[in-house]
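Student:
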Amino acid sequence: DTAVSQTPKYLVTQMGNDKSIKCEQNLGHDTMYWYKQDSKKFLKIMFSYNNKELIINETVPNRFSPKSPDKAHLNLHINSLELGDSAVYFCASSKGTSNLDTQYFGPGTRLTVL
Amino acid sequence: AQSVTQLGSHVSVSEGALVLLRCNYSSSVPPYLFWYVQYPNQGLQLLLKYTSAATLVKGINGFEAEFKKSETSFHLTKPSAHMSDAAEYFCAVTGGSARQLTFGSGTQLTVLP
């Protein structure tokens, strides 16, 4: 069973489109995250939710909007896609909000904006 | 603020040779340090973590890392490299009131036959 799953795995779209990436975890964790990994493999936190409440909101364009319908799901919606949004997006989850809690990562969604 | 510097974006070793991946951190509070591995086209997987207990931390797949406060380092080692160790390795830091991990830029490990 996949612990943290993301769909789709690959996403190719045109500039200006709106797209969503879905994430689900079956670990019973309370906290979920979105990370962006750029072309140089640099990994940076975007958002984090704990029990459906936003707790980390880094400096990200407001075209990016996370949504957590329940604590097992954290989706990422992106409006008006730009070329610079091309990256691999990783979802992760952890048991709680302690910085000692191990984060478990999904397989990533490779977004290509043409 | 916290940061991590990984020296060497690419490291190549021969199969059976020692693996040494370098990580130096900066933190104004006692740090918690992590090493993650990313295999091609996969997500990150935790190798090991330092949480202020033993300074020598053993992880999965034969890897270990030693926390050295005087050198602000947390280098990752493995005595004998396997072909299956070829991957991208990330060092990360957190601590204090920080809720998120701050990652280094990664080191690509190549294992030569």
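Top line first, the protein sequences correspond to chains A and B.
Be aware that the first sequence starts at 1, since it is given in this note's numbering, and climbs by one per residue.
Be aware that the second sequence starts at 1001, since it is given in this note's numbering, and climbs by one per residue.
Beta carbons are placed, not taken as given, at the ideal position from N, Cα and C, and that holds for glycine.
Please read all numbers here as calculations on a predicted model, not as lab measurements.
1. Counting contacts by CB-CB distance shorter than 8 Å, is S48(A) in contact with chain B?
2. Indicate whether the contact test is met: 3 or more Cβ pairs, each with one atom in the stretch 1064-1076 of chain B and one in the stretch 85-95 of chain A, closer than 8 Å.
3. Shorter than 8 Å from the beta carbon of L1112(B) to some beta carbon of chain A?
4. Does the beta-carbon distance from E1054(B) to W1035(B) come in below 8 Å?
5. Which residues in chain B sit within 9 Å of L100(A), going by Cβ to Cβ distance?
6. Of the residues S1097(B), Y1032(B), S1027(B), which one's Cα is nearest the Cα of S1052(B)?
7. Mind checking A1001(B): buried by the 16 CB within 10 Å criterion, or exposed?
8. In the stretch 41-78 of chain A, which residue ranges form an unbroken alpha helix (DSSP H) of at least 4 residues, counting only runs that do not cross its ends?
9. When DSSP labels each residue in this structure, what does N1061(B) get in the three-state scheme?
10. Classify I21(A): buried if its beta carbon has 16 or more other beta carbons within 10 angstroms, exposed otherwise.
11. Note down, in chain order, every chain A residue with its Cβ under 7 Å from the Cβ of Q1002(B).
Tutor: This is what the structure holds:
1. What you label residue 48(A) is simply residue 48 of the first sequence in a count that begins at 1. At a cut-off of 8 Å between C-beta atoms, S48(A) counts as an interface residue with respect to chain B.
2. Touching, no.
3. In the second sequence, the residue the question calls residue 1112(B) occupies position 112. By this cut-off, L1112(B) is not an interface position.
4. Your numbering for residue 1054(B) matches position 54 in the second sequence. Your numbering for residue 1035(B) matches position 35 in the second sequence. Before going on, a small fix: residue 1054(B) reads as Ala here, not Glu. It is not a contact, given that the beta carbons lie outside the stated cut-off.
5. Position 100 of the first sequence holds residue 100(A). By Cβ distance, chain B contributes Y1032, K1049, T1051, T1094.
6. Against the second sequence, residue 1052(B) aligns to sequence position 52. Checking every option, the nearest Cα to that of S1052(B) belongs to Y1032(B).
7. As a first step, residue 1001(B) must be located in the second sequence, where it is residue number 1. Flag for A1001(B) reads exposed.
8. Taking only runs of at least 4 residues, no alpha helix (DSSP H) segment lies wholly in the stretch 41-78 of chain A.
9. In the second sequence, residue 1061(B) corresponds to position 61, counting from 1. Note: N1061(B) maps to helix in three-state DSSP.
10. For the purposes of this step, residue 21(A) is taken as residue 21 along the first sequence, with counting starting at 1. It is buried - the Cβ of I21(A) has at least 16 other Cβ atoms within 10 Å.
11. Within the second sequence, numbered from 1, the residue matching residue 1002(B) stands at position 2. For Q1002(B), no chain A residue has a C-beta closer than 7 Å to its own C-beta; the minimum C-beta separation is roughly 10 Å.
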